[in-house]
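Just below is one structure, and these are the notes that go with it.
Residue numbers (our numbering): 401 to 555.
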């Protein structure tokens, strides 16, 4: 990618954020559990960006848009260690603080580089399997899902 293409891509992200408040960035991977979507734009609101792994686009995108929309409208503030049952239908999720957001959300870090809000924080939305086992619990089939931060044992 040339510098011009890179700048144009960041400009398009800015236009999307101006229009809708948030941009969703897709990161494909060979292992579906490692594929993710993340937000860019919540940093402008003083809120951590959100990242969600392992779900298809028809679930990931609406979930992220809904949560981001609630944040933008002032109806929700997500914090590390918080559980929520209104993000993914039929599942409680856990917000986990991402320990290296610049590494895991590189386009967000590039977008905000050199701005007054240059430090990007992020929360991972972690979801359990259909038996309500978290990725770090024995017997789950989600153990390939990356967990980008420390978590307390979940209820």
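Backbone N, C-alpha and C define an ideal beta-carbon position, used for all residues, glycine too. Remember, predicted model here, so these are calculated numbers, not experimental data.
**OP:** Determine the DSSP secondary structure at residue 518, reduced to helix, strand or coil.
**Re:** coil
**OP:** Can you say whether residue 423 is buried or exposed, counting buried as having 16 or more other CB atoms within 10 angstroms of its CB?
**Re:** buried
Subject >> Segment contact, 8 Å Cβ cut-off, at least three pairs: the stretch 457 to 477 with the stretch 529 to 548 >> reply: no
**OP:** From the DSSP output, in three-state form, read off residue 450 for me.
**Re:** strand
Original post:
How big is the Cα-Cα spacing for residue 445 and residue 470?
Top reply: 12 Å
Original post:
residue 512 by DSSP, collapsed to three states: which one?
Top reply: helix
**OP:** Quick one: grab the DSSP three-state call for residue 444.
**Re:** helix
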